[in-house]
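K.L.:
The structure is given below, and queries will be raised subsequently.
There are 2 protein chains.
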Amino acid sequence: MSRGIRGVGAQHEQRRTEIADAVLAIVAERGLAAVSQSAVAAQAGVSAGRVQHYFPAKQQLIEAAFERGNHLSSARIRQQVGRDLEAADARLVLTTVLAELIPYDAATRAHMRVRQAFHALALADEVIAARLRLLYDDFHRQMADLIGEGRRSGRITAALDPHQSALALVALAEGLASYVLIDLTCAGTARELLLAAVADLYR
Amino acid sequence: MSRGIRGVGAQHEQRRTEIADAVLAIVAERGLAAVSQSAVAAQAGVSAGRVQHYFPAKQQLIEAAFERGNHLSSARIRQQVGRDLEAADARLVLTTVLAELIPYDAATRAHMRVRQAFHALALADEVIAARLRLLYDDFHRQMADLIGEGRRSGRITAALDPHQSALALVALAEGLASYVLIDLTCAGTARELLLAAVADLYR
DNA sequence: AGCAAAGCGATGTGATCACATTGTTCTAAT
DNA sequence: ATTAGAACAATGTGATCACATCGCTTTGCT
Chain A
1 MSRGIRGVGA
11 QHEQRRTEIA
21 DAVLAIVAER
31 GLAAVSQSAV
41 AAQAGVSAGR
51 VQHYFPAKQQ
61 LIEAAFERGN
71 HLSSARIRQQ
81 VGRDLEAADA
91 RLVLTTVLAE
101 LIPYDAATRA
111 HMRVRQAFHA
121 LALADEVIAA
131 RLRLLYDDFH
141 RQMADLIGEG
151 RRSGRITAAL
161 DPHQSALALV
171 ALAEGLASYV
181 LIDLTCAGTA
191 RELLLAAVAD
201 LYR
Chain B
1 MSRGIRGVGA
11 QHEQRRTEIA
21 DAVLAIVAER
31 GLAAVSQSAV
41 AAQAGVSAGR
51 VQHYFPAKQQ
61 LIEAAFERGN
71 HLSSARIRQQ
81 VGRDLEAADA
91 RLVLTTVLAE
101 LIPYDAATRA
111 HMRVRQAFHA
121 LALADEVIAA
131 RLRLLYDDFH
141 RQMADLIGEG
151 RRSGRITAAL
161 DPHQSALALV
171 ALAEGLASYV
181 LIDLTCAGTA
191 RELLLAAVAD
201 LYR
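Chains as they are written, first to last, in UniProt numbering: chain A, 1 to 203; chain B, 1 to 203.
Pasting the structure below:
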C-alpha cells in the first residue's frame, strides 16, 4: 500500500502536495474562480499534463486543495500552541487558538482568504459542505473542552454551557476575521475585541 | 434625465431589476460560479440578447445584482423594524436588526447565501470590496448609534465603546449566520446566542 | 411622414475550459 | 532482456463563455 522512498510512485504524494499548494496560492490571490488546469500548472511551474495526471478531475483537485489548506491551518495552530507551552493552561491555549483565526500577516491572511473561499464554495458544493461540518464539529468540541476545563477549575462560571460559549467565541473570531480580510478593521482591533470576549468568559 | 412612465425606456429600470433578481436567484441556489448570460436569461425567462442589451458587460451584471441584493436586504430589515414599532426603543431595534442577520426561513437563507457569495467575491474584486466597505461602515455606524443611545440613557455601561461593541455584535451575528447556512447550527441556537450577547451589553 | 434611437432576437467569434487521447520515456519487477 | 505500468508532455475535442455584430421592429420626436 505505502510506496517506498525510491522508484515509481516514490514522489507521488509530494507532487500532489505541490500542485495542491499551487491551487491554494491561486485561491488566496485571485479566488476559486481563477483556478483552472493551466493556471495551476503555471503557478506550480509544471506542465498541464502533469496536473491532469495527478488529478484527473477538477473536483479532485479542489478537494485535495481544500484538505491541504485545512492541514496547513491546523498545523500552524498546533505549532503556535506548542510554542507557547506544553502542559498548557486552558485559557492560554484558548486565547492562542482563537487569535490564530485573525489574520495578522501575509501568510495568515492568505490562509483565511482560502478559508473564506471554500466556505463560500460549501454553499454550492455538498461534498465540501459535509467535510466542513465535520471539521467544525471537531474544532468546536475542542474549544468547548478548553472552556469546560476552565469551568471545572472554577475560573469560568458554571452558568455557561461550554459548547454554546465555544460556538459564540469562534463565530465572533471568524466574523471579525472576515472584517480584517476586507480591510474594514485592522488586525489589532479585531484581536482586542476577541480577547475582550475571552476575558468576559473568565470574568 | 428621468424617463417618463410611457414610451421608450419606460420599463428600463424594471427590466434591469428583473434580470438582477434572476442573478440573485442563481447565486442563492448555485453560487456565483453558475452565473452566465444564458443561465441568467433562462432563469429570468428572457432571451440572452436581452440580458446582454441591458448589461453589456458581465461585471455590470454582477454589480447590479450586488446592489439589488443590498437593496432587498436593507428593505427587509427596515420593514421588520418598522413593523415592530415606530418611535422605537433602541434595544428592540438593535435586537430586531441583528436577528435579521440570522437566516430563519427560505427567503432569509437565500439572502444570506447571496451575501456570503458576494463577500467572498470581494476578496478578489476590489470594486465589490470598496462598495462593501462603504455599506459596512454605514451599517456599523447605525448599530453604534443605537448602542450609544442605550449608553446615554444609562442602560449600557459607559465603559463600553459603542463602535467597538457594534463591530463585535455584528461580527458575532454574521459568524453565527454562516454556521446556520452550512447547517452546522440551527437558527434557534444562533438566535439565542446572539440575544445573549445583546443582553450582556445591557447587563 | 420621416428619422433616429431604443429594444431585442439571432447569429457569429475567438478564447478558454475540462477532459480525452496518444505517444514517449523511465522504472522496477520478472 | 522483456514487459507492465507509472509518469509525464502534447495534442485533440466538444462545450461553454463573454462579447461583437447584424438586422428587424417599435417608439417618439420633429
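Every residue gets a Cβ at the ideal spot worked out from N, C-alpha and C, and that includes glycine.
As the structure is a computational prediction, the values presented were derived from the model and not from experiment.
So is R3 (chain B) buried or exposed if we call it buried at 16+ other beta carbons inside 10 Å?
P.N.:
Low per-residue confidence applies at R3 (chain B): pLDDT is 44, beneath 50, and the placement is therefore not dependable, though the value from the model is reported in the following sentence. Burial call: exposed.
K.L.:
Classify L193 (chain A) as buried or exposed, calling it buried when 16 or more other Cβ atoms lie within 10 Å of its own Cβ.
P.N.:
Looking at its Cβ environment, which holds 16 or more other Cβ atoms inside 10 Å, L193 (chain A) is buried.
K.L.:
For T108 (chain B), return the contacting residues in chain A, with the cut-off set at a CB-CB distance below 8 Å.
P.N.:
Chain A residues near T108 (chain B): none, gap ~14 Å exceeds 8 Å.
K.L.:
Relative to the alpha-carbon of residue 205 (chain B), which residue among B:L172, B:G69, B:Q14 and B:A144 has its alpha-carbon at the smallest distance?
P.N.:
An answer regarding residue 205 (chain B) cannot be provided, because it is not within the stretch 1 to 203 covered by chain B.
K.L.:
To the nearest angstrom, how far is the alpha carbon of L121 (chain A) from that of L146 (chain A)?
P.N.:
Using only the alpha carbons, I get a separation of about 30 Å.
K.L.:
Excluding the 5 residues flanking F55 (chain A) on each side, which residues of the same chain have their C-beta closer than 6 Å to its C-beta?
P.N.:
Cβ neighbours of F55 (chain A) beyond the five flanking positions: L61.
K.L.:
With DSSP run on the structure shown, which of helix, strand or coil describes Q185 (chain B)?
P.N.:
For the record, residue 185 (chain B) in the displayed sequence is Thr; it is not Gln. It is coil, neither helix nor strand.
K.L.:
What is the DSSP secondary structure of E13 (chain A), counted as helix, strand or coil?
P.N.:
Of the three classes helix, strand and coil, the one that applies to E13 (chain A) here is helix, per DSSP.
K.L.:
I want to see whether chain A comes within less than 8 Å of D183 (chain B), judged by CB atoms only; does it?
P.N.:
Judged by the 8 Å Cβ criterion, D183 (chain B) is in contact with chain A.
K.L.:
Can you find the residues in the same chain that come closer than 7 Å, C-beta to C-beta, to R68 (chain B), ignoring five residues on each side of it along the sequence?
P.N.:
Correct list, in chain order: T17, A20, D21 and L24.
K.L.:
Between the Cα of D89 (chain A) and those of A:L72, A:E149, A:A168 and A:F66, spot the shortest distance and give me the residue it belongs to.
P.N.:
Selected option, being the one with the closest Cα: A:E149.
K.L.:
Evaluate Q43 (chain A) with the Cβ neighbour count: other Cβ atoms within 10 Å of its Cβ, from every protein chain shown; 16 or more gives buried, anything less gives exposed.
P.N.:
Flag for Q43 (chain A) reads buried.
K.L.:
Identify the contact partners of Y179 (chain B) in chain A, using a Cβ-Cβ distance below 8 Å as the criterion.
P.N.:
Within 8 Å Cβ-Cβ: Y136, L167 and A171.
K.L.:
Between L98 (chain B) and S73 (chain B), what straight-line distance do the alpha-carbon atoms span, to the nearest angstrom?
P.N.:
Their backbone Cα atoms lie some 12 Å apart in a straight line.
K.L.:
Just checking, does the region 179–193 of chain A make contact with the region 102–121 of chain A on the three C-beta pairs under 8 Å criterion?
P.N.:
Short answer: they touch.
K.L.:
Is any beta-carbon of chain A found at less than 8 Å from that of R30 (chain B)?
P.N.:
Closer than 8 Å: yes.
K.L.:
Run through DSSP, which three-state label would V114 (chain B) get?
P.N.:
V114 (chain B) falls in the helix class under three-state DSSP.
K.L.:
Could you tell me the alpha carbon to alpha carbon distance between R50 (chain A) and K58 (chain A), rounded to whole angstroms?
P.N.:
Going by the C-alpha atoms only, they are around 13 Å apart.
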